[in-house]
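Structure first, commentary second.
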Amino acid sequence: MNPRPVPVLPSGGRRVAFIGKGGAGKSTMLAYLLAHWKSYGVPCVGIDTDVPGEGEHGTLYVHASRADLGVPVYPAPAEPQIRQEAQRLCPEKGVCVLDTGAWERKKDSPHLTVMSAVDVVILCLQPTPNELERATSVLGYVESLKNTGARVPDLHVMLTMVGKGVGADQLEAKLTAAGYPVLASRFKYSSAMGGPAYVFGKKIRVKAGSDMDKMAREVLGVVAR
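Sequential numbering from 232 applies to the sequence shown in the working numbering.
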């Protein structure tokens, strides 16, 4: 389906976390990425670290339990075990992705644990006026990792839930000027039937040359570095 070559990942695999506020489209986007990477022949797994309430699991895990994404997706481990499980489950020459709940910068948030467990962090930002401040908050969290002596992941930004207008372009210009690496791919908002707003619990359609295919390839290239 995809004759173009894909990056060769390190023998121990790579771990990547997607973070951002609630409603940034992280879980939906990860369902697409996992399905596409599987179609490329890349070994991959997902860990959903978001447990929104007692007896509930995060959106990515629920989606995978209702529709086969082609790869295993695991529910949230206990916070002290996140790093260990991410290392244990990461496939050889493959990718382990960690989905997260809404971004919170506080001492008991699991985000610092998640970020210390991965090689790459993708910060998902919606093109709204307060998102540059959120990016600053995440960068401060990365600095917290440096202060603890932990390994610091590579940080990249992806603009998500992008609609019409110039807001995304303006935000990208500000982020780039501030020194943040911004991915070329954007996760576009669409309320059209069959679009991202309606894929929850459904099998993901993989189409070579689509925007999602291009996004999957770009993210995989970043993760493989």
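Just so you know, even glycine gets a beta-carbon here, dropped at the ideal spot from N, CA and C.
These figures come from a predicted structure and were not determined experimentally.
For isoleucine 353, the enclosing beta strand (DSSP E) stretches over residues 351-356. DSSP, reduced to helix, strand and coil, places isoleucine 313 within a helical segment of the structure shown. A contact is defined here as three or more CB-CB pairs under 8 Å, and the stretch 312-322 meets this definition with respect to the stretch 240-256. If you draw a 10 Å sphere on the C-beta of lysine 433, you find fewer than 16 other C-beta atoms in it, and that means exposed. In this structure, alanine 333 places its C-beta atom within 9 Å of the C-beta atom of glycine 251. When the alpha-carbon of methionine 446 is set against those of Leu240, Ala266 and Gly254, the nearest one is in Ala266. A direct Cα-Cα distance of roughly 27 Å separates phenylalanine 418 from glutamate 374.
Bounds of the beta strand (DSSP E) holding valine 247 are 245-250.
Distance from the Cα of phenylalanine 431 is smallest, within the candidate group Val413, Val349 and His294, for His294. Taken through DSSP and simplified to helix, strand or coil, threonine 331 comes out as coil.
Taking the C-beta atoms as reference points, leucine 414 is found nearer than 9 Å to valine 450. Collapsing the DSSP output to three states places glycine 277 in a strand.
By a beta-carbon distance limit of 8 Å, leucine 390 does not contact valine 352. Their separation comes to about 15 Å. Beta-carbon to beta-carbon, proline 358 and valine 393 are separated by about 6 Å, close enough to satisfy the 8 Å threshold. Leucine 343 is positioned such that its CB atom lies closer than 9 Å to that of leucine 376.
The three-state reading of DSSP puts leucine 414 in strand, counting E and B together. The C-beta separation of glycine 256 from proline 412 comes to about 19 Å, leaving the pair out of contact by the 8 Å criterion. Residue nearest to serine 270 within the set Ile435, Ala408 and Val453 is Ile435 (criterion: CA-CA distance).
Counting along the chain, aspartate 385 sits inside no alpha helix (DSSP H); it lies in the beta strand (DSSP E) bounded by residues 385-393.
Residue environment: threonine 379 is assigned as exposed (fewer than 16 neighbouring CB atoms within 10 Å of its CB, all protein chains considered). Nearest to alanine 408 by C-alpha distance, out of Val437, Ala262, Leu363 and Asp444, is Leu363. Cβ contact annotation for glutamate 310 (same chain, cutoff 6 Å, sequence separation greater than five): Pro341 and Thr344, in chain order. For tyrosine 429, the three-state secondary structure derived from DSSP is helix. With fewer than 16 neighbouring CB atoms inside 10 Å of its own CB, glutamate 335 falls in the exposed class.
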